[in-house]
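Set out below in structure tokens:
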């Protein structure tokens, strides 16, 4: 009985050992499974992190693409603005060129007008000089006319006086011949002399008035000099010098 119990006990011990071995094997398997699970968990965590990193990278790519698109849009807008600015600048340059051309034309017109004005001023000065010379000649001619007229009047008066005296003498002589002195008396002689004197004065006046002063000058020896003075715009001093 003791042997059987011992055998049973040994068998139980052996079973227990076997169980322990099995348990240890199971425990080892469990540990291995746990290790494998931990490894799998780590790998899973790594995959999650990797996936997250991939997702983050994808999002970063999307964000970068959006920024790139925004930059492209901004660049395109800037290029458009730049193109508009260049177009406006070209228009401004064209308008400036037109204004410069108009300014040059205006300057040329002003220069031409100044030149024309200078020519007109020169022509006016020449005309004024000629007018002054002509006025001097006219003054000289008028002075000469006045002088000759005065001379002619003096000569006419002298001739009239001579004619008056001659007529008086002739009338007295005629009266003395035709009327006796004791019959005629002084009143008759005076009356005849008065009539003769009036006749002489009328004849002298008619002779003077029928020859105007200018006609007398034109017919005078100075006629050629006066015509030359008028034709050559001779100054008064030149005319007087030539007259001497």
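Numbering (the working numbering), first residue to last: 1366 to 1609.
Cβ coordinates follow ideal geometry from the N, Cα and C atoms, glycine included.
Just so we're clear, the structure is a prediction, and the values are computed from it rather than from any experiment.
What would DSSP say about residue i, mapped onto helix, strand or coil?
{"i": "residue 1597", "result": "coil"}
{"i": "residue 1425", "result": "helix"}
{"i": "residue 1561", "result": "Below a pLDDT of 50, predicted positions are generally treated as unreliable, and residue 1561, at 46, falls in that range; the measurement from the model is reported next regardless. Here residue 1561 sits in helix by DSSP."}
{"i": "residue 1555", "result": "Because residue 1555 sits at a pLDDT of 49, beneath the cut-off of 50, its placement in the model cannot be relied upon, and the following sentence gives the value as read from the coordinates. Reduced to three states, the DSSP call for residue 1555 is helix."}
Minimum length 3: unbroken beta strand (DSSP E) runs contained in the segment 1387–1420: none
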